[in-house]
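Visitor: Quick one: structure below, then a few questions.
Residue numbers (this note's numbering), protein chains in the order written: chain A, 1 to 120; chain B, 1001 to 1450.
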């Protein structure tokens, strides 16, 4: 199943921030974690992650540090900042409201399928 | 173990080169993206793909480079404006401290100001001041090049001997007061000095065509930067002037006595330094301006030709018009030189090249009209230093333009390489310096210093 790209874009920031609360990570590892969490359902265009990370860094939600990979190459690690945690908490609340509203809609939509069919 | 992956490494290197061309993606970003690419490739290889397949999948997943680059540009829009960093933040190479260059440049600039001020104070004759102005500034500009390029004493001597010769000639010759040979010397000495400064700029390798072209580029950029500095300075001085006038203080004596003698030569040195500092960072402006002005100049030349034709020749023109027309032809030459200096020699001929040929041909027509008028004048009134100097310059321009037109035509017909046209320009430059030296050194005795 492919997730709609607007939905991916909207959920990208909380997802990245949430993943970083588990610990510091570099770009490719963040992307792998997204893939794991969504069961492979959320496929990002890999290159788009980096402008997003840079934006979060500019906003002060994450900080970055150059380190080295196992192969001895330069690798940039990202860590969430206190401001990032606040932003994440805020997003979490917003998403909870959206999710709970959607859940109720799904329930009412499932109960009388006949009316829904009548509209179509 | 390394050998089997050589091709993969080459592919990654090629990809890096490709991404590097995107202005919005910085070198550090490319490192980051490369790390990502390698992570993806390693995971694909672990699932059994070979190098090439893994590379292709990883590239595909990285996404369309245009779109990614656009995202980077949205986040880092400042990067699209190249930043000129005059004082580097840190010098990792353990070289000179970053402020040293600035300090040296300012010292040269102040030195040039002091030299001009002292010259103006000691030489009370206005014409003597004018003759020496270039000589007073030159050592500091050349000194700056000698310092930045760590020139050998041999090169420094190569600069010093002609400089000293020129200084002696200009000051020892018994010029008749207000005579035309003196005026010609005043006009031509700076040209000879400027090409001498070119030798310093080229670090003594003045025979190299590419160094000569660099000097041509440098000259154009310097003129623009100097103009910008002068405009900024004029605004600043004007505002101060006006503000002080309101409170009843007159700045004018200080302006003429102190500010201008220091600001004008100082700005030249600072402009030279700015052009050197920005060399690789900021796009050259002179070639951009030539793009705009080449078609406009064609229109101007054609209008002039039309007016001359309507007036039925130029037999009774005065000297001012001839001088103005010489200035126009020199301008055309500069346009030609700068559009050539910025062109990729390997690109095929395009519309701007044809337009350039039209420009050169129009200039040739104007030059021919001028030469006819000049020869008529000489036949009528005989030789004078001014006429011979103007005739000489026009002949030099004629040779330059004819050959340039011929080579440009050959290039447009794809018979010749663009490099030939380029080389002709740089080879011909010293001729102007030699002519200027002749006018300064040989004309005065030849015409009895009148």
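In this text, a Cβ means the ideal position worked out from N, Cα and C, and glycines have one as well.
1) Between the Cα of residue 1352 of chain B and those of B/1339, B/1361, B/1363 and B/1364, spot the shortest distance and give me the residue it belongs to.
2) Quick one, which of B/1284, B/1175, B/1262 and B/1205 has its alpha-carbon nearest residue 1223 of chain B's?
3) Taking Cβ-Cβ distances below 7 Å as the criterion, which residues of the segment 38-69 of chain A are in contact with chain B?
4) Mark residue 1367 of chain B as exposed unless 16 or more other C-beta atoms lie within 10 angstroms of its C-beta, in which case mark it buried.
5) From what residue to what residue does the alpha helix (DSSP H) around residue 58 of chain A run?
6) Do you know how far the Cα of residue 2 of chain A is from the Cα of residue 35 of chain A?
7) Distance, Cα to Cα, residue 1254 of chain B vs residue 1229 of chain B?
8) I think residue 1341 of chain B touches residue 1213 of chain B, with their Cβ atoms under 8 Å apart; what is that distance to the nearest whole Å?
9) Pull up the distance between the alpha-carbon of residue 1090 of chain B and that of residue 1099 of chain B, whole angstroms please.
10) With a CB to CB cut of under 7 Å and the five nearest residues on each side skipped, what residues in its chain are close to residue 18 of chain A?
11) With a Cβ-Cβ cutoff of 9 Å, do residue 1031 of chain B and residue 73 of chain A count as a contact?
12) Count the other CB atoms within 10 Å of the CB of residue 1299 of chain B; is the residue buried (16 or more) or exposed (fewer)?
13) Quick one: grab the DSSP three-state call for residue 64 of chain A.
14) Could you check where the alpha helix (DSSP H) with residue 170 of chain A kicks off and where it finishes?
15) Closer than 7 Å by C-beta to residue 1201 of chain B: which residues in its own chain qualify, once you throw out the five before and the five after it? Chain order, please.
16) Who are the Cβ neighbours of residue 14 of chain A in its own chain at under 8 Å, not counting the five residues just before and after it?
17) Please say whether residue 1182 of chain B and residue 1449 of chain B have beta carbons closer to each other than 9 Å?
18) Taking all protein chains shown into account, decide if residue 1060 of chain B is buried (16 or more other Cβ within 10 angstroms of its Cβ) or exposed.
19) At a CB-CB cut-off below 9 Å, which residues of chain A make contact with residue 1212 of chain B?
20) Does chain B have any CB closer than 9 Å to the CB of residue 73 of chain A?
21) Would you decide whether residue 1443 of chain B is buried or exposed? Buried here means 16 or more other CB atoms lie within 10 Å of its CB.
22) For residue 86 of chain A and residue 98 of chain A, what's the separation of their Cα atoms in angstroms?
23) Quick check: the Cα distance between residue 1378 of chain B and residue 1324 of chain B, rounded to an integer number of angstroms?
24) Would you decide whether residue 50 of chain A is buried or exposed? Buried here means 16 or more other CB atoms lie within 10 Å of its CB.
25) Quick one: using the 10 Å Cβ neighbour count with 16 as the cut-off for buried, is residue 1029 of chain B buried or exposed?
26) How about residue 1075 of chain B and residue 103 of chain A: do their beta carbons lie closer than 9 Å?
27) Per DSSP, what kind of secondary structure is residue 1346 of chain B in: helix, strand or coil?
28) What does the alpha-carbon distance come out to for the pair residue 1421 of chain B and residue 1148 of chain B?
29) Could you give the distance in angstroms between the alpha-carbon of residue 1168 of chain B and the alpha-carbon of residue 1129 of chain B?
30) If I measure Cβ to Cβ from residue 79 of chain A and keep anything under 6 Å in the same chain, skipping five residues before and after, which residues do I get?
31) Within 10 angstroms of the Cβ of residue 1239 of chain B, are there 16 or more other Cβ atoms? Answer buried if so, exposed if not.
32) What residues in the segment 11-38 of chain A have a beta carbon less than 9 Å from any beta carbon of chain B?
33) Under the assumption that residue 1267 of chain B contacts residue 1220 of chain B (Cβ atoms under 8 Å), give the Cβ distance between them as a whole number of angstroms.
Guide: From the atom records:
1) B/1339
2) B/1284
3) So the list reads 45, 46, 47, 48, 50, 51, 54, 55 and 69, given in the order they occur along the chain.
4) buried
5) 49-59
6) 12 Å
7) 20 Å
8) 6 Å
9) Any reading at residue 1090 of chain B needs caution, since the residue's pLDDT is 45, under 50, leaving its predicted position unreliable; the model's value is listed next. If you take the alpha carbons of residue 1090 of chain B and residue 1099 of chain B, they lie about 10 Å apart.
10) 88
11) yes
12) exposed
13) Note: residue 64 of chain A maps to strand in three-state DSSP.
14) No answer is possible for residue 170 of chain A: the residues shown for chain A start at 1 and end at 120.
15) 1145, 1215 and 1218.
16) 88, 91, 92 and 95
17) yes
18) By the neighbour-count rule (16 or more Cβ atoms within 10 Å), residue 1060 of chain B is not buried but exposed.
19) Residues of chain A passing the Cβ test: none, with the nearest at roughly 41 Å.
20) yes
21) It is buried - the Cβ of residue 1443 of chain B has at least 16 other Cβ atoms within 10 Å.
22) 19 Å
23) Approximately 18 Å, taken between the alpha carbons.
24) buried
25) buried
26) Not a contact, by the Cβ cut-off of 9 Å.
27) coil
28) 31 Å
29) Rounded to whole angstroms, the gap between the alpha carbons of residue 1168 of chain B and residue 1129 of chain B is 14 Å.
30) Closer than 6 Å at the Cβ level, and outside the excluded window around residue 79 of chain A, lie 24 and 63.
31) exposed
32) 26, 27, 28, 29, 31 and 32
33) Incorrect: roughly 17 Å between the Cβ atoms, too far for contact.
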